[in-house]
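These notes are about the structure you will find just below.
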Amino acid sequence: MSLDSAGNTRGTARELTLTANPQIISESISPRDANDYYSFSVNSRSSFRLAADGFGSNVNAQLLNAKGAVIQNSLNPGTAPEIITRLLNAGNYFIRIFRAGAATNYRLNVFADLAGNDIPNAQGLGRLTGPRSYTNFVGNPDSVDYYRFNVGVRSTFNLTLNGLRNNANVQLLSGQGNVLQASNRPGANPEIINRTLNAGLYYIRVSQGVRNTAYGLNLNASPDPGNNLPAARPLGVSSTPTSYADFVGVTDPNDYYRFSLAETSDCALTLSSMGANANLQLLNGSGAVLQSSNNLGRATESISRNLGAGDYYIRVFSGGVGVNTRYTLGATAIPTAITPNPNPNPNLNPTLQWVRQLGSAANDYSYGVAADKIGNVYIAGATEGNLGGAFVGGSSDSFLAQYNSSDVAAANSPRKPNGANSANRDGFSSVVVDGSNNYYVAGARNVTAPSPPSFTGSGDAYIAKYNSDGSQVWEKNLNIAGIELATGLAVDSSGNVYLSGVTASLGTPGLADAFVAKYNSSGDLSWSRQLNLNNADAAYGVAVNSTTGDVYITGISNATINLSSSTPSFSGGDAFIAKYNSGGTFQWSQTLASAASDYARGIAVDSSGGIYITGETAGALPGQTFAGATDVFVAKYDNTGSRIWLQQAGTAGDDQGQSIATDSAGNVYVAGETKGALLGSTPIGGSDAFISRFSGDGALQWIQQLGTAGDDEAYGITVDNLGSVYVTGQTFSAFAGASNAGAYDAWVARYSLS
Numbered sequence: 001m002s003l004d005s006a007g008n009t010r011g012t013a014r015e016l017t018l019t020a021n022p023q024i025i026s027e028s029i030s031p032r033d034a035n036d037y038y039s040f041s042v043n044s045r046s047s048f049r050l051a052a053d054g055f056g057s058n059v060n061a062q063l064l065n066a067k068g069a070v071i072q073n074s075l076n077p078g079t080a081p082e083i084i085t086r087l088l089n090a091g092n093y094f095i096r097i098f099r100a101g102a103a104t105n106y107r108l109n110v111f112a113d114l115a116g117n118d119i120p121n122a123q124g125l126g127r128l129t130g131p132r133s134y135t136n137f138v139g140n141p142d143s144v145d146y147y148r149f150n151v152g153v154r155s156t157f158n159l160t161l162n163g164l165r166n167n168a169n170v171q172l173l174s175g176q177g178n179v180l181q182a183s184n185r186p187g188a189n190p191e192i193i194n195r196t197l198n199a200g201l202y203y204i205r206v207s208q209g210v211r212n213t214a215y216g217l218n219l220n221a222s223p224d225p226g227n228n229l230p231a232a233r234p235l236g237v238s239s240t241p242t243s244y245a246d247f248v249g250v251t252d253p254n255d256y257y258r259f260s261l262a263e264t265s266d267c268a269l270t271l272s273s274m275g276a277n278a279n280l281q282l283l284n285g286s287g288a289v290l291q292s293s294n295n296l297g298r299a300t301e302s303i304s305r306n307l308g309a310g311d312y313y314i315r316v317f318s319g320g321v322g323v324n325t326r327y328t329l330g331a332t333a334i335p336t337a338i339t340p341n342p343n344p345n346p347n348l349n350p351t352l353q354w355v356r357q358l359g360s361a362a363n364d365y366s367y368g369v370a371a372d373k374i375g376n377v378y379i380a381g382a383t384e385g386n387l388g389g390a391f392v393g394g395s396s397d398s399f400l401a402q403y404n405s406s407d408v409a410a411a412n413s414p415r416k417p418n419g420a421n422s423a424n425r426d427g428f429s430s431v432v433v434d435g436s437n438n439y440y441v442a443g444a445r446n447v448t449a450p451s452p453p454s455f456t457g458s459g460d461a462y463i464a465k466y467n468s469d470g471s472q473v474w475e476k477n478l479n480i481a482g483i484e485l486a487t488g489l490a491v492d493s494s495g496n497v498y499l500s501g502v503t504a505s506l507g508t509p510g511l512a513d514a515f516v517a518k519y520n521s522s523g524d525l526s527w528s529r530q531l532n533l534n535n536a537d538a539a540y541g542v543a544v545n546s547t548t549g550d551v552y553i554t555g556i557s558n559a560t561i562n563l564s565s566s567t568p569s570f571s572g573g574d575a576f577i578a579k580y581n582s583g584g585t586f587q588w589s590q591t592l593a594s595a596a597s598d599y600a601r602g603i604a605v606d607s608s609g610g611i612y613i614t615g616e617t618a619g620a621l622p623g624q625t626f627a628g629a630t631d632v633f634v635a636k637y638d639n640t641g642s643r644i645w646l647q648q649a650g651t652a653g654d655d656q657g658q659s660i661a662t663d664s665a666g667n668v669y670v671a672g673e674t675k676g677a678l679l680g681s682t683p684i685g686g687s688d689a690f691i692s693r694f695s696g697d698g699a700l701q702w703i704q705q706l707g708t709a710g711d712d713e714a715y716g717i718t719v720d721n722l723g724s725v726y727v728t729g730q731t732f733s734a735f736a737g738a739s740n741a742g743a744y745d746a747w748v749a750r751y752s753l754s
């Protein structure tokens with residue numbers, strides 16, 4: 001016989017703590033121990049089950065209330081098991097096992113399941129507002145468990161049924177008992193339900209598979225991020241990492257969150273723990289996309305970006321039709337203020353070697369400059385007179401000039417290349433040189449002024465290639481639609497050429513699109529793309545990473561465009577930068593904006609893949625201070641579109657960054673114009689050209705102003721492999737030792753870095 005641990009009266013009853021997992025007790029009964037009593041309690045309405053078996057002779061069982069009154073008997077004859085199943089209200093109870101035959105051992109199996117076996121008796125969980133966990137059991141004779149809960153607001157609901165020894169299934173039911181969603185995975189695999197629920201009453205049904213099994217029921221309900229910007233869920237994003245678990249799928253394809261930053265911060269977002277594909281976007285306060293992460297499959301999505309003070313949104317969205325997945329959104333924002341060194345190092349200042357001024361009796365403008373490996377420098381622009389030959393016609397002609405490093409002009413320089421000019425407005429905007437000393441020019445040809453509001457003008461983006469002796473290899477017009485003006489040019493190490501600019505469809509007043517095009521070294525068009533941002537947009541510069549083949553353009557978006565000249569003018573809008581891969585597939589675009597007008601004019605890529613842009617702003621860019629009129633800005637981005645640093649500088653007058661270049665050591669050169677003492681440099685008179693150098697991490701190394709007593713502007717800058725910096729632009733006066741031919745003259749200057 002087993003040791004007797006059960007009392008013989010209600011007063012000495014052995015106390016049991018019942019759960020949904022069956023409790024098994026081995027005991028004995030005999031003539032001297034004819035009764036065994038057990039006591040237990042249930043805190044809420046529960047399904048109770050008792051089974052007594054393993055007898056050698058007849059034993060009976062009773063369920064008693066707290067006062068000892070019999071609630072239910074099991075009086076089966078012989079050694080047949082005794083079974084009692086009953087739904088009990090909260091309270092105290094007793095079990096009585098008593099002898100009806102000879103002495104015998106017995107086994108008592110007993111449990112109390114809080115989850116009812118039907119909807120009316122479902123276990124009430126109350127309002128679900130966060131994570132909850134329950135353990136229970138389904139099997140003979142408790143094959144089904146029901147739970148009841150409600151959500152007070154539209155919520156993302158997550159259910160996991162795990163800890164299974166055998167198969168069990170789960171269903172989510174509406175308040176009317178209709179099945180909303182089911183999970184019926186085979187074997188002991190976890191069952192999962194993710195769904196967006198409106199406020200209301202719901203039920204959960206857990207059912208046995210083939211065999212008995214314990215289970216863990218894990219639930220969570222959190223207020224659902226809105227499906228649009230106005231309904232976005234507010235987040236507290238700070239330097240302390242925070243995470244949010246939720247779901248996107250068929251019933252809830254978008255989750256929007258909103259957060260605010262009080263100061264410039266490095267913001268990092270991650271999207272992880274997905275069961276299927278989901279994507280991530282960062283949006284500005286107006287809802288425009290700043291950056292996206294669209295990795296395939298279940299790969300973690302990540303966005304890193306320096307953000308100014310203001311309001312932002314996060315969008316999480318399903319990665320495909322019919323795709324459902326849970327996710328974890330992580331977010332941090334670490335305040336940062338990256339300010340380049342304001343004090344130039346005088347020991348690094350370059351030495352001006354020479355300035356060449358050239359012009360006609362009319363206006364002459366130089367916009368682009370390039371240098372080859374053997375010391376030649378090329379400038380390209382537009383003339384309204386006889387510079388480089390007789391005036392062809394229209395408002396301006398394209399011209400090209402070539403000098404060696406000692407300021408000696410090449411034969412037939414300056415000149416107006418054949419084919420580049422028409423009876424209408426023409427002009428070169430850019431010139432570049434490839435590794436074989438071939439040079440390329442680009443601009444606009446045959447431009448007639450658009451006539452608002454119909455924009456019935458014309459014009460072609462023009463590109464031409466010349467070998468080192470000046471012979472033309474090929475020329476092309478890019479015919480997209482309507483008016484095209486080429487504003488930027490780049491060449492990679494394989495001789496592919498990239499063109500950027502603006503195109504406007506006829507009959508579309510005030511609207512335009514940025515474009516980028518790729519030609520191979522033979523002049524065949526590989527691809528062309530238009531970038532459709534907000535309102536009118538135009539690309540003002542292009543750069544290429546020769547290692548990866550990635551192409552970057554920069555310019556202005558959300559603006560009003562004036563196409564009435566060979567070089568477009570802009571008003572309003574934001575600066576932008578965009579990336580395409582070598583095959584012309586769009587990768588991302590980012591905007592850089594103040595509360596006023598901003599646009600980027602120049603772009604360059606360094607040997608490590610860093611991307612730099614420069615331009616002007618009429619306001620305070622994120623984390624920066626506005627000096628007045630317009631300020632220069634310089635910014636660095638990485639290849640994912642994250643901004644690394646930003647500098648804004650200016651005087652009380654107009655200051656503009658016009659062109660940017662990098663050298664093999666990772667230094668950054670910026671040229672433009674200023675109407676004051678920019679960053680402590682010395683003004684000369686009127687507006688001055690300036691050149692400056694920054695380290696790759698944004699520290700200002702030197703700045704110099706160059707000019708005459710009149711107005712001077714720098715529009716292009718380049719660095720050669722011989723330690724020289726070349727700058728070009730126009731002047732309304734005369735440099736030392738030169739004379740002004742009339743109105744604006746073009747000029748080019750060489751600086752030595754050693």
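Residues 1 to 754, numbered by our numbering, are exactly what the sequence shown covers, in order.
Glycine is no exception: its CB is placed at the ideal position from the N, C-alpha and C atoms.
All values derive from a computational prediction rather than experimental measurement.
Quick one: grab the DSSP three-state call for residue i.
{"i": "PRO120", "result": "helix"}
{"i": "SER451", "result": "Residue confidence is low: SER451 scores 42 on pLDDT, short of 50, so the model does not pin down where it sits. No coordinate-derived value is stated."}
{"i": "ALA746", "result": "strand"}
{"i": "VAL271", "result": "For clarity, residue 271 is Leu in the given sequence; the question names Val instead. Three-state DSSP puts LEU271 in a strand."}
{"i": "PRO253", "result": "coil"}
{"i": "GLY285", "result": "coil"}
{"i": "ALA231", "result": "helix"}
{"i": "LEU219", "result": "strand"}
{"i": "GLY680", "result": "helix"}
{"i": "ARG32", "result": "coil"}
Tell me, please, which residues DSSP counts as bridged to residue i.
{"i": "LYS636", "result": "TYR612 and TRP645"}
{"i": "TYR106", "result": "GLU27"}
{"i": "VAL321", "result": "DSSP output for VAL321 lists no bridge partner at all."}
{"i": "GLN590", "result": "ILE577"}
{"i": "VAL70", "result": "LEU64"}
{"i": "GLN171", "result": "ALA182 and ARG205"}
{"i": "VAL59", "result": "ARG99"}
{"i": "ALA444", "result": "GLY427 and ALA461"}
{"i": "LEU280", "result": "SER293 and VAL316"}
Taking buried to mean at least 16 other C-beta atoms within 10 Å of its own C-beta, is residue i buried or exposed?
{"i": "ASP745", "result": "buried"}
{"i": "LEU161", "result": "buried"}
{"i": "GLU15", "result": "exposed"}
{"i": "LEU201", "result": "exposed"}
{"i": "GLU263", "result": "exposed"}
{"i": "ALA309", "result": "exposed"}
{"i": "PRO344", "result": "Model confidence at PRO344 stands at a pLDDT of 49, short of 50, so the residue's coordinates are unreliable and nothing is read from them."}
{"i": "GLN402", "result": "buried"}
{"i": "LYS476", "result": "buried"}
{"i": "ASN116", "result": "It is Gly, not Asn, that sits at residue 116 in the sequence shown. So GLY116 counts as buried."}
{"i": "THR9", "result": "exposed"}
{"i": "PRO622", "result": "buried"}
Using alpha carbons as the reference points, say which of the options lies closest to residue i.
{"i": "ARG86", "options": "ALA578, THR196, LEU64 and ALA689", "result": "LEU64"}
{"i": "SER752", "options": "PHE735, GLN730, LEU722 and GLY275", "result": "LEU722"}
{"i": "LYS518", "options": "ARG305, ILE463, ASN105 and THR300", "result": "ILE463"}
{"i": "GLY555", "options": "ASN545, ASN446, ALA575 and ALA543", "result": "ALA575"}
Note the first and the last residue of the continuous beta strand (DSSP E) segment covering residue i.
{"i": "ASP513", "result": "513-519"}
{"i": "ARG148", "result": "144-151"}
{"i": "LYS476", "result": "472-478"}
{"i": "ASN92", "result": "91-99"}
{"i": "LEU499", "result": "497-504"}
{"i": "GLN353", "result": "351-358"}
{"i": "THR674", "result": "668-674"}
{"i": "VAL138", "result": "132-138"}
{"i": "ARG601", "result": "598-605"}
{"i": "SER46", "result": "46-53"}
{"i": "GLU761", "result": "What is shown of the chain runs 1 to 754, which leaves residue 761 out entirely."}
Between residue i and chain C, is any beta-carbon pair separated by less than 7 Å?
{"i": "ASN467", "result": "Here chain C cannot be found, since the structure has a single protein chain."}
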